[in-house]
DNA sequence: CATTGTGAACGGATTCACAGCC
DNA sequence: GGCTGTGAATCCGTTCACAATG
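Protein chains in written order, with this note's numbering: chain A, 568 to 779; chain U, 568 to 779.
Below, the structure written as structure tokens:
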């Protein structure tokens, strides 16, 4: 059912809706309008309706959307309706932060293992999830049918770590490294470079200088 | 000189060029063409030329760009030509990761302090930078004319932390929290929600299921 | 003659405006 | 009456094609 050609921009907003809906449902709110969603998300109501309508007509005219139904539909579209097994490669502070957060707060994924090369920390665990040597990646990836890897190793090791990842059936890499990864066509890499983002932000901090 | 209306997309690419140029200069490469930049960055050569031409004509036709000159120009545009003082608010793993990275690897910013509310860690330091209670934020912000804050506190504390930040002259917030921040018009907030990004990525992991 | 700088064409995403429906 | 769903219009960023030029 998921339409592979769905605009990336739409896909990126879907989990936002899920989060809101989770909250609404927790508070026993059963119906929500695109206008209300707009107020909470900051997206325009039209955009929200377009996003949702892209995959079908999930609302009722004159009323709004049923929170539970809409949530279920979106989960299905993204593929969050069943837990996704993921791994974290690189157990520095960033890797630990992401591992912890996803283990505790993200009900839609299941962190099955954390990988590192530092013998000091291998064998340890984070919230019950084992830290393993990279050599065990194939075994784990196969056993849990892992499809997503979060990559947080030092930039110099990034490309090395990519090889075992893609050789074992993982086709999505969330790359938090500053390295530009070389991967085959069919591997989906999502780069978030926090250093670059911070540096570009400085642009908006210099505003006063000019006005003065 | 910086044009406040410059497209965000352009601004976000500028630091990428800086990084490449830093490398080139380290390797004594003095001239680079948009085509070469294209190969390293993955952006198209036309786009790179457009990005740069947006702020002026920095290249020489038939030859390319002088790496040092171009680097200097871009630093000036972004406002990286002099070090920017920043603070990190929230000393969890994510905050520590960002603090450490920027202290060691980012020559364009100067992390002047890290803030937290946990008495256990207040008084400690990260790579020589002190971890302080939030109560000292006004003092530090004033002394160092801090303009940028990286926000990595728990989502529930995010809005509380925003108040002291914006009350003390900081007008750019790099929000890594899942919270939607309420801020006055003139405050520039850049949200990066790693949970949402990860969840949206799952969409691309489910490809096989459909094809099978 | 290679490479920049740029107007024009293109395309994708957002906004508008309203028809359709409960 | 109110809110969804959607074609049309618009906006913005990227790509194209080429003129300008060292």
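For each residue, glycine too, the CB sits at the ideal point set by N, CA and C.
Amino acids of chain A, ordered along the chain, whose beta-carbon sits closer than 7 Å to that of residue i
i                      : result
residue 755 of chain U : 771
residue 651 of chain U : 769 and 772
residue 664 of chain U : 659, 660, 661 and 664
residue 715 of chain U : 768, 769 and 772
Buried/exposed call for residue i, threshold 16 Cβ in 10 Å
i                      : result
residue 596 of chain U : exposed
residue 627 of chain A : exposed
residue 667 of chain U : buried
residue 580 of chain U : buried
residue 727 of chain U : exposed
residue 652 of chain U : buried
residue 594 of chain U : exposed
residue 630 of chain A : exposed
residue 723 of chain A : exposed
residue 650 of chain U : exposed
residue 587 of chain U : buried
residue 662 of chain A : buried
residue 624 of chain A : exposed
Contacts of residue i in chain U (Cβ-Cβ under 7 Å)
i                      : result
residue 667 of chain A : 660
residue 579 of chain A : 767
residue 747 of chain A : 609
Residue closest to residue i, alpha-carbon to alpha-carbon, out of the options
i                      : options                       : result
residue 807 of chain U : U/708, U/761 and U/671        : Look at the range of chain U in this structure, 568 to 779, and you will see that residue 807 of chain U is not part of it.
residue 796 of chain U : U/683, U/746, U/634 and U/764 : Here chain U has residues from 568 to 779 only, and residue 796 of chain U is not among them.
residue 759 of chain U : U/603, U/608 and U/718        : U/718
residue 591 of chain A : A/607, A/576, A/578 and A/577 : A/607
residue 772 of chain U : A/754, A/682, A/589 and A/613 : A/754
residue 729 of chain U : U/621, U/687 and U/682        : U/682
residue 519 of chain A : A/639, A/655, A/654 and A/713 : A question about residue 519 of chain A goes unanswered here, because the residues of chain A that appear run from 568 up to 779.
residue 566 of chain A : U/572, U/573, U/770 and U/762 : Residue 566 of chain A is absent from the structure shown; chain A starts at 568 and stops at 779.
residue 735 of chain A : A/712, A/725, A/749 and A/692 : A/712
Contact set between residue i and chain U, taken where Cβ atoms lie within less than 9 Å
i                      : result
residue 727 of chain A : None at all; the shortest Cβ gap to chain U is about 19 Å.
residue 594 of chain A : Residues of chain U passing the Cβ test: none, with the nearest at roughly 16 Å.
Residue i at chain U interface by Cβ criterion, 8 Å
i                      : result
residue 625 of chain A : no
residue 614 of chain A : no
residue 730 of chain A : no
residue 584 of chain A : no
residue 590 of chain A : no
residue 761 of chain A : yes
residue 735 of chain A : no
Below-8 Å beta-carbon distance, residue i vs any chain A residue
i                      : result
residue 646 of chain U : yes
residue 750 of chain U : no
residue 572 of chain U : no
residue 610 of chain U : no
residue 576 of chain U : no
residue 621 of chain U : no
residue 676 of chain U : yes
residue 640 of chain U : no
residue 602 of chain U : no
Chain A contact residues for residue i, given Cβ-Cβ distances below 9 Å
i                      : result
residue 741 of chain U : 761, 764, 765 and 768
**OP:** Tell me the start and end of each unbroken alpha helix (DSSP H) in the region 596 to 677 of chain A that is at least 4 residues and wholly inside, in chain order.
**Re:** Restricting attention to alpha helix (DSSP H) runs no shorter than 4 residues, the region 596 to 677 of chain A encloses them at 601 to 608, 612 to 620, 634 to 645 and 660 to 672, ordered along the chain.
Original post:
Quick one: complete beta strand (DSSP E) runs, 3+ long, within the region 678 to 739 of chain U?
Top reply: Restricting attention to beta strand (DSSP E) runs no shorter than 3 residues, the region 678 to 739 of chain U encloses them at 696 to 700 and 715 to 718, ordered along the chain.
**OP:** Within the region 743 to 779 of chain A, note down every full beta strand (DSSP E) run reaching 3 residues or more, in order along the chain.
**Re:** Listed in chain order, the complete beta strand (DSSP E) runs (minimum 3 residues) inside the region 743 to 779 of chain A are 755 to 758.
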